[in-house]
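Trainee: Mapping the sequence shown onto the UniProt record's numbering, position 169 (from 1) lands on 169, and the numbers just tick up by one.
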Amino acid sequence: MKRYYFTEVLFSLVILGITICGCDNKSKKTSDVDIAGNMGMYVATLPCADCPGIFTHLTLNADSTAYLTTLYMDSDNTSETIDGRWIFTDSIFTVKASNGEVTMYKLLSENQLVQVGETKEVKKEYILTKEAEMLADSFVGTYSFGSDEKGAYRQTLKIAKVDDRHVEVAITKTGGKAKGCEFKAQGYIVNNQIEVNLKDVNPDMKSVMTICPLNSGDGLNVFTSKFDDRYDLMFFCGGGGSLAGDYIKENH
1 MKRYYFTEVL
11 FSLVILGITI
21 CGCDNKSKKT
31 SDVDIAGNMG
41 MYVATLPCAD
51 CPGIFTHLTL
61 NADSTAYLTT
71 LYMDSDNTSE
81 TIDGRWIFTD
91 SIFTVKASNG
101 EVTMYKLLSE
111 NQLVQVGETK
121 EVKKEYILTK
131 EAEMLADSFV
141 GTYSFGSDEK
151 GAYRQTLKIA
161 KVDDRHVEVA
171 ITKTGGKAKG
181 CEFKAQGYIV
191 NNQIEVNLKD
201 VNPDMKSVMT
211 ICPLNSGDGL
221 NVFTSKFDDR
231 YDLMFFCGGG
241 GSLAGDYIKE
251 NH
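1) Going by other Cβ atoms of all chains shown within 10 Å of its Cβ, with 16 needed for buried, is A152 buried or exposed?
2) Quick one, are the C-beta atoms of I82 and N99 less than 8 Å apart?
3) If we ignore side chains and look at the alpha-carbon of each, how far apart do I194 and G141 end up?
4) Give me the Cα-Cα distance between A97 and R85, rounded to the nearest whole angstrom.
5) By how many angstroms is the C-alpha of G117 removed from the C-alpha of A136?
6) Are there three or more Cβ pairs, one per stretch, closer than 8 Å when the region 165–181 is compared with the region 37–57?
7) Can you list, in chain order, the residues of its chain whose CB lies under 6 Å from that of N221, leaving out five sequence neighbours each side?
8) Quick one: what does DSSP say M234 is sitting in, helix, strand or coil?
9) Can you list, in chain order, the residues of its chain with a C-beta nearer than 6 Å to that of S207? Leave out the 5 residues immediately preceding and following it.
10) Between T69, T56, N38, which has its C-alpha nearest D63's C-alpha?
11) Please report the residue range of the beta strand (DSSP E) in which L113 lies.
12) Taking only three categories from DSSP, how would you classify L46?
13) Which residues does DSSP pair with G187 in a beta bridge?
14) Nearest-angstrom Cα distance between F11 and A36?
15) My output table needs one value for A136: the three-state DSSP class, helix, strand or coil.
16) If I follow the unbroken beta strand (DSSP E) through Y153, where does it start and stop?
17) Per DSSP, which residues does D212 bridge with? Please list them.
18) So which of S147, D50, K184, K150 has the shortest CA-CA distance to I159?
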């Protein structure tokens, strides 16, 4: 009788263990699915103490990498991207950037995050909304600035697709007596802008060239991610020229 009772109890414990494990695995799978659904790019104009706002893009990738791009409005119009890694705990994405800064984003829905502080208080002005990312096809084309007159100086920017995230960037000149600019490199697309690490072209440089859509939607702006690095764009030009500028898309 005792042996029978012991066997029955043991069988019950085994069944209970299997049930618990099954629930635990199901919970983990559900969590994975939920997080996967929240990968992507989030956008907002966040509050700023001494400017109209901070135009912010945050991209969370499935491999736990993160990219945060910020542009302080009404300033020098530069947008800097910082990479980092994220972890997810208790509905919070904690992003630790490569420069050591830590920011936290609470999950509100599949399409919204909110930046929070230590108190985890939710404020509507800190909500970021998920948007579709611009990929290579959105940038491909020929852009230019300068005079349309025959023989006049004209600077041309050409973007060619390598894959969804990578493009070939070429800047050349036509016309005019000045030497002009000659540049070619590969760029990476992150947070709706193309970034070119100038160190890949000139090992002595540490700056990043950014290529961003104009607010007017008809072209691209070329500049550096940091204002103080802007003179690096003159290295590739003669006669005091620069790669920087607003390039308008040509219609062919």
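Where is the CB? At the ideal position from N, CA and C, for every residue including glycine.
Mentor: This is what the structure holds:
1) One-based indexing of the sequence shown puts residue 152 at position 152. In the assembly as shown, A152 is an exposed residue. Its beta-carbon has fewer than 16 other beta-carbons within 10 Å.
2) To locate residue 82, count along the sequence shown from 1; it is residue 82. To locate residue 99, count along the sequence shown from 1; it is residue 99. For I82 and N99, yes; Cβs fall inside 8 Å.
3) If you number the sequence shown from 1, residue 194 lands on position 194. If you number the sequence shown from 1, residue 141 lands on position 141. Whole-angstrom Cα-Cα distance: 13 Å.
4) For the purposes of this step, residue 97 is identified with residue 97 of the sequence shown, where counting begins at 1. For the purposes of this step, residue 85 is identified with residue 85 of the sequence shown, where counting begins at 1. So the alpha carbons of these two residues sit roughly 6 Å apart.
5) Here residue 136 corresponds to residue number 136 of the sequence shown, with the count starting at 1. Here residue 117 corresponds to residue number 117 of the sequence shown, with the count starting at 1. Taking the straight line joining both Cα atoms gives about 35 Å.
6) The region 165–181 makes no contact with the region 37–57, as fewer than three CB pairs between them are under 8 Å.
7) Residue numbering aside, residue 221 sits at position 221 when the sequence shown is read from its first letter. Correct list, in chain order: C212, L214, D246.
8) The sequence position of residue 234 within the sequence shown is 234, counting from 1. In the structure shown, M234 sits in a helix (DSSP, three-state: H, G or I).
9) Position 207 of the sequence shown, counting from 1, holds the residue named residue 207. Result list for S207: L198, T224, D229, D232, in chain order.
10) Walking along the sequence shown from the start, residue 63 turns up at place 63. When the alpha-carbon of D63 is set against those of T69, T56, N38, the nearest one is in N38.
11) Numbered from 1 along the sequence shown, position 113 holds the residue referred to as residue 113. First-last of the beta strand (DSSP E) with L113: 112–116.
12) Along the sequence shown, read from residue 1 onward, the residue named residue 46 stands at position 46. Strand, per DSSP.
13) Start at 1 with the first residue of the sequence shown, and residue 187 comes out as number 187. Bridge partners of G187: V167.
14) Stepping through the sequence shown from its first residue, residue 11 is reached at position 11. Stepping through the sequence shown from its first residue, residue 36 is reached at position 36. Any reading at F11 must be qualified, since the residue scores a pLDDT of 42, below 50, and its modelled position is unreliable; no value is offered.
15) In the sequence shown, residue 136 corresponds to position 136, counting from 1. Under the three-state reduction of DSSP, A136 is assigned to helix.
16) The count along the sequence shown starts at 1 and reaches residue 153 at position 153. Where Y153 is concerned, there is no enclosing beta strand (DSSP E), given that its DSSP letter is neither H nor E.
17) Numbered from its first residue, the sequence shown carries residue 212 at position 212. Reading off the sequence shown, one finds Cys at residue 212, where the question assumed Asp. N221.
18) Translated into the one-based positions of the sequence shown, residue 159 becomes position 159. Just measuring C-alpha positions, the residue of S147, D50, K184, K150 sitting nearest I159 is K184.
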